[in-house]
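Okay, structure first, notes after.
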Amino acid sequence: MNTEMFDPELMDYANRDPRLPSPVDEGNADLGIDLEQRLDLYERQQVLRQFEKRAYDMFLQNLVKGTSHLSLGMEAVSAGFGAAMRQDDYTFATYRGHAHTLSRGVDLGPVMAELLGRENGLLKGKGGSMHLTSVEHGMMGSYAIIGAHLTIANGAAWSAQIRGTDQVTVCFFGDGTTNIGAFHEALNFAAIWKLPIVFVCENNLYMEYTPIDLITAVPNPAADRAAAYGLPRIIVDGNDADAVYMTALDVIAKARSGGGPSLVEAVTYREQGHSRADPGKYRPKEEVEAWKGRDPIPMYHQRLLGLGVSEGDLAAIQQDVARRVDEATEFAKAGAPPGTEHLMTDVWSDGGAAWRN
Amino acid sequence: MNTEMFDPELMDYANRDPRLPSPVDEGNADLGIDLEQRLDLYERQQVLRQFEKRAYDMFLQNLVKGTSHLSLGMEAVSAGFGAAMRQDDYTFATYRGHAHTLSRGVDLGPVMAELLGRENGLLKGKGGSMHLTSVEHGMMGSYAIIGAHLTIANGAAWSAQIRGTDQVTVCFFGDGTTNIGAFHEALNFAAIWKLPIVFVCENNLYMEYTPIDLITAVPNPAADRAAAYGLPRIIVDGNDADAVYMTALDVIAKARSGGGPSLVEAVTYREQGHSRADPGKYRPKEEVEAWKGRDPIPMYHQRLLGLGVSEGDLAAIQQDVARRVDEATEFAKAGAPPGTEHLMTDVWSDGGAAWRN
Amino acid sequence: MAELSYRDAVAYGIAQEMRRDPQLVMLGEDIAGAGGVFKTTVGLLNEFGPTRVRDTPISEQAILGAAMGAAMTGVPVIAEIMFSDFLAVCFDIVANEMAKSRYMTGGQMSVPVVVRTANGGGSRFGAQHSQSVENWCMMIPGLKVVAPSTPADVVGLLAASIRDPDPVVFFEHKSLMATKGDVPEGEVIDELGQAKIVRAGTDATIVALAYMVPRALEAAERLAEDGISAEVIDLRTLVPLDTNAILGSVAKTSRVFTVEENPRLCGWGAEIASIVAQEAFWDLDGPVVRITTPHIPLPAAEALEDLAIPSTDRIVRTVKENLD
Amino acid sequence: MAELSYRDAVAYGIAQEMRRDPQLVMLGEDIAGAGGVFKTTVGLLNEFGPTRVRDTPISEQAILGAAMGAAMTGVPVIAEIMFSDFLAVCFDIVANEMAKSRYMTGGQMSVPVVVRTANGGGSRFGAQHSQSVENWCMMIPGLKVVAPSTPADVVGLLAASIRDPDPVVFFEHKSLMATKGDVPEGEVIDELGQAKIVRAGTDATIVALAYMVPRALEAAERLAEDGISAEVIDLRTLVPLDTNAILGSVAKTSRVFTVEENPRLCGWGAEIASIVAQEAFWDLDGPVVRITTPHIPLPAAEALEDLAIPSTDRIVRTVKENLD
Ligand SMILES: Cc1ncc(C[n+]2csc(CCOP(=O)(O)OP(=O)(O)O)c2C)c(N)n1
Ligand SMILES: Cc1ncc(C[n+]2csc(CCOP(=O)(O)OP(=O)(O)O)c2C)c(N)n1
Ligand SMILES: [Mg+2]
Ligand SMILES: [Mg+2]
């Protein structure tokens, strides 16, 4: 047995060289985004952050059963895309989908209630944290098995093409997802049919507990594959809401005008573990610290201050969001567990579950 | 419904612009392959050609049931690789696997008998044309569902790596196969584990009845994706046995010496339909004719004459092969249908099929 | 009435529905330009054009994913998976996505997709192109499962499947493609969940599906010569399942036989046997007997394949032995 | 004797076999560095190193393909598919390749792979991470199927599975991970295809598997209080199936109940019911009764999930009602 072929770093990921963030691109302060839009981006990030921090508290109080995957640290991606999308556009997300759901304007209360498994939850408690969906908001689902939703998102884009609407579909997924077969099928399919779709890889450097670079043949798991589908290479700083927003405007406009699909890689980092059960110890300390120093929200806060917004104005936004999160929490806690009558509904279009006469 | 987005050529593939072969690269006469090797390549191609022509006759006589996929016109690929492989290397092929099986030195008789569904067949008649396998020759199977065998071939390569042998695995597949998920998973996996494997895409321009360029986002379905796995772009003239042989020597040597995987695209053409049932009418006439003009065997025949080999020597080879094919045919025809006792054997390692006590 | 082959009935049935619903589209490998590898979609490209009848790459996950995504945003889709064995390469979309979407979203999502696929043995294609996999789908909550045995049923059940807002897997049997039968003039629409008693009888109930239906009928003919009156039920759809038809018949005959092309373990007949053994136990005069392909991969050679799949002879023999 | 948790028994059992056979390797997502998302492979990387215990990308087809290819060239492999629901993304390799390879090649190919996977509900993970899919594998000829209910069985059946030259799918139940039990000292090897009568009884046979075994046992306790003596069989392996144990028990009790976590249609219990209804019909004093999760996707909320999966109460109630 030839063991020499292995790097000793395979024995302990936490002792690998850290993958550090690039320094802030302060040029992004000059992107020509107007202030109102920026305040909106700020507020969006606050909503995602405060909601998920509360969700985390709920876990700690054992009010959330099952599992749950937070986007803390990654808010700039869904804030930027959410702001750039049109109301009738479609979103597809993964199990890490709280942020993308809220970004489409879904009420906080039913989302929190769903995490708590209550009858007033977004899915009546039947789906749970990993399957957040709100068809009326264009939030076409959160999918918990890696890969499939990229192909399903294509279908929504194809449907818009057939129906002759100019709706755009935006599909979010992680770096780890770029190595599953469905990724490849979906990208090729979107390219040959010139579908109005944007694939957004949120590269947070880890596939669950495994560093993405150890299991991927190219350094940038999405961007370095774009050419295999005849697409341009697009990488964006996923911790900078302005940069994400500008990129989102571009690729969405391209899709909307018949220019076909794009593949965007947004490089970011999750501040906590992969899911509820994970303390995240496989990451070099220095790396975690460095990325915390690049937390998108304080960074954006600083940028707004630099652009002349007052601490008071920002505090007002924060407080307003805090109030909404409190209300959502109350709403959720006040919900009852789903009644037994829900067990046997919603399997079929007739509302029921009968498989026989 | 917006129909403008479609090209009229989608209505009739046979009226599309033909995809013509590139002219012969006569530089290949100078590749420095010695004559003995070239005569071996000639003989190999003769074996494949004559065997499959006979197999085709057997279909016409209704002696082959089921389906069957010929490599007529594509012989240079398996001849070239077959000649470059070492006896203990591994081959993995598709349902279009007669040539690759024979290229490993498997006897013609049992292969023909398998096509005829006889008990003296290579698989006792249990597998049929699409599953030719001869473990003792390193022919590790023909796989009839697109994609899977690329991942399985990785396993054989991994096993060689673990066992510390320097065996190389060569895995053949078609252009159409590059669009299925397993292709992507297999290539990434081979790259990150630096497996001793060569993936050979036989690009015959068609995925069954559909032109490959209409359903693939890049012009060269394999080569244009190599970079997505950190691999170099390799295209070879799949109708020129010398060119294939030289490329095969290179990539096999690389794999054998620990240099990791390669992805080779061999451009070629099948002279007949996709399978037994297919008259192949979806292809522009001019295209079929042009490629017939580039048939690898007459081309190679000419090259050998140019190198001073006599018609008589080549005729002797042809006749010897013809005799072998005749013998194989007799062997096959003399076989009995598999006895009923074979139905319930070979499910389990104990030889039987019992799922209960 | 027009006589159609089972094969032609597929395109005929699809055309009927595509004329009715201009939104309805279809996609699959080699279905457009080539009219399908089983020639079941011949003529559809010409009539409906390449926006509605579309060739795809070999990307079964992308095919069914696209079908699902389009369906849930208002465009009903017929997707072809060339051989039913290939459901395995896209089984995640079938079993984990399409089937569960409505339930998981608390009823928000509707997925009007029909997955058509060529199923079954008898063509000497070997183990990877001959399977009968209706049970792969029957076992998944949220999927409807249809498997017609005649051209008329192909047309009528296709229409019913296409109009059904739930995902339906529609199994077309390879060995029935060349068989012929009358199809009524005008619009043909059938109903899912209705079995047919295709032969009435009093001594035993034989429950069959698809390719096994003609064999069960032949067997019943031969049993009649021996004075055994067999009732033959063509299930036609596995989900919804017409348990009334089965239980009603068993109440009359007191004996039940299933004829299944699938390898034995967990076949649809197991489910039916379990229903009968639970709900019609007191009606039974003797064991519930399953006649199935043995639990083996299908061999390629004619002689072996014929031995594996339940034959008319085997049905006759088994029924006789068990009624003695 | 040492007390081990079911979770720890997995790594314990694997370690026993990796020490014995230096060729044996394993691969899967997050199994090495992290010790598995269910912590079932903790310590193996440290003991056996990264050549033998290897993290992979999210590429289930590549994982099982690599396992199969290595196995058929002389390197036995344990592959992990994190959740059994994900068998759907690599089902082609499982159902069409591993299972059929030996038969299709006329016996040339041997595929000593064990596919380990976390199965079952009770964790409030929702429809895509909670399924009981033993029947997905049981229905495929060429696969052996194992689902232990105790730490000792985990160790012994893992050893038997690893030493078996055929492909085995080994289901580890998520809701049993934290349960504890004694495991004998020294090398532990069990045998596939042997059910266990875990409680003797005379009035009814309750056949259960994995997570349903402790519930069936609890139910039997409670039934005993009401004077009903239930025999409980832990099947342990579905293929090979210990029909002797089942039929022998039914001969004694004359009544049989299955307790299945899977949604109803084509569950393993259907197969068993059909075997009993065919072969033990004359032994039966009453209907064969299946207690299953209803034929629905599993809901996430605690209240609903608990209602869906057969509970001890439901078992007790159903047995009582049916014996009255
Ligand atoms: C097919 C499949 N394999 C494995 C998993 C288990 N799993 C859930 S999340 C995850 C990691 C995904 O990594 P990435 O795509 O980078 O997304 P992230 O969680 O980092 O946002 C894995 C392996 C799954 N859900 N589906
Ligand atoms: C998963 C899967 N989908 C579809 C098929 C049906 N099929 C058999 S061969 C083939 C075309 C393959 O094209 P290519 O890879 O170019 O190989 P070629 O036949 O040209 O050698 C198709 C679609 C299959 N066998 N497996
Ligand atoms: Mg990630
Ligand atoms: Mg081809």
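Protein chains in written order, with this note's numbering: chain A, 31 to 387; chain B, 31 to 387; chain C, 3 to 326; chain D, 3 to 326. In this text, a Cβ means the ideal position worked out from N, Cα and C, and glycines have one as well.
To which residues of the same chain is residue i closer than 7 Å at the C-beta, ignoring the five residues directly before and after it?
i         : result
THR207(A) : ILE176, GLY177, PHE213
ALA279(C) : VAL290
ALA73(C)  : VAL79, VAL113, PRO114, VAL115
What would DSSP say about residue i, mapped onto helix, strand or coil?
i         : result
ILE16(D)  : helix
ARG292(C) : strand
MET111(C) : coil
SER177(D) : helix
ILE65(C)  : helix
LEU240(D) : strand
ASN10(B)  : In the structure as shown, chain B starts at 31 and stops at 387, and residue 10(B) therefore has no counterpart that could be examined.
VAL215(C) : helix
MET374(A) : coil
Cβ closer than 9 Å: which chain E residues qualify as neighbours of residue i?
i        : result
THR75(D) : This model lacks chain E altogether, as its protein chains are A, B, C and D.
Over the uninterrupted beta strand (DSSP E) stretch that includes residue i, give me the two end residues.
i         : result
ASN233(A) : 227 to 233
CYS201(A) : 199 to 204
THR207(C) : 206 to 210
TYR72(B)  : Unbroken run through TYR72(B) is the alpha helix (DSSP H), 65 to 90; no beta strand (DSSP E).
LEU6(C)   : 4 to 7
THR124(B) : 120 to 124
GLY183(C) : 182 to 185
ARG201(D) : 198 to 201
Should residue i be listed as close to ligand 1, given that the test is whether its C-beta is under 8 Å from any heavy atom?
i        : result
ALA94(C) : The question names Ala, yet the displayed sequence has Asp at residue 94(C). The answer is yes for ASP94(C).
Below 8 Å CB to CB, which residues in the same chain sit around residue i once its five sequence neighbours on both sides are set aside?
i         : result
ASP287(C) : SER256, ARG257
LYS284(A) : GLY290, SER292
HIS26(A)  : Any property of residue 26(A) remains undetermined from this structure, which presents chain A solely from 31 to 387.
ALA320(B) : PRO48, LEU50, PRO51
ASP87(D)  : GLN130, HIS131, SER132, GLN133, VAL135
Which bits of chain C does residue i rub up against, with CB to CB less than 7 Å?
i         : result
ASN387(B) : What ASN387(B) touches in chain C: nothing, since even the nearest Cβ is about 14 Å away.
GLU273(D) : LEU267, CYS268, ALA272
ASN98(D)  : ASP87, ALA90, GLN130
Counting only Cβ pairs nearer than 8 Å, list the residues of chain C close to residue i.
i         : result
MET374(A) : Simply none; closest approach about 10 Å.
What residues of chain A sit near residue i, judged by a beta carbon separation below 8 Å?
i         : result
GLU304(D) : LYS95, GLY147, PRO367
Going by DSSP, what residue range makes up the alpha helix (DSSP H) through residue i?
i         : result
TYR245(D) : For the record, residue 245(D) in the displayed sequence is Thr; it is not Tyr. Unbroken alpha helix (DSSP H) run through THR245(D): 245 to 255.
MET160(B) : First-last for MET160(B): undefined, no H or E at that position.
VAL351(A) : 341 to 364
GLY110(A) : 105 to 114
LYS315(B) : 315 to 322
Leaving out five residues on either side along the sequence, give the residues of the same chain with a beta carbon under 6 Å from the beta carbon of residue i.
i         : result
GLY124(C) : SER177
GLU5(C)   : LYS182, ASP184
LEU159(C) : VAL148, PRO150, ASP192
For residue i, go through chain B and note every residue whose CB falls closer than 8 Å to its CB, in chain order.
i         : result
PRO242(D) : ALA384, TRP385, ARG386, ASN387
Which residues in chain B have a C-beta closer than 7 Å to the C-beta of residue i? List them in chain order.
i         : result
GLY158(C) : Here the premise fails: no neighbours, minimum Cβ distance about 27 Å.
Can you name the residues of chain D whose CB is closer than 7 Å to the CB of residue i?
i         : result
ILE248(C) : By Cβ distance, chain D contributes nothing, its closest Cβ being about 14 Å from ILE248(C), past 7 Å.
VAL200(B) : Ordered by position in chain D, no residue passes the 7 Å Cβ test against VAL200(B), which lies about 13 Å from the chain.
Quick check on the contact list: which residues have their beta carbon closer than 7 Å to a heavy atom of ligand 5? In terms of ligand content, the structure shown lacks ligand 5 and carries ligand 1, ligand 2, ligand 3 and ligand 4 instead.
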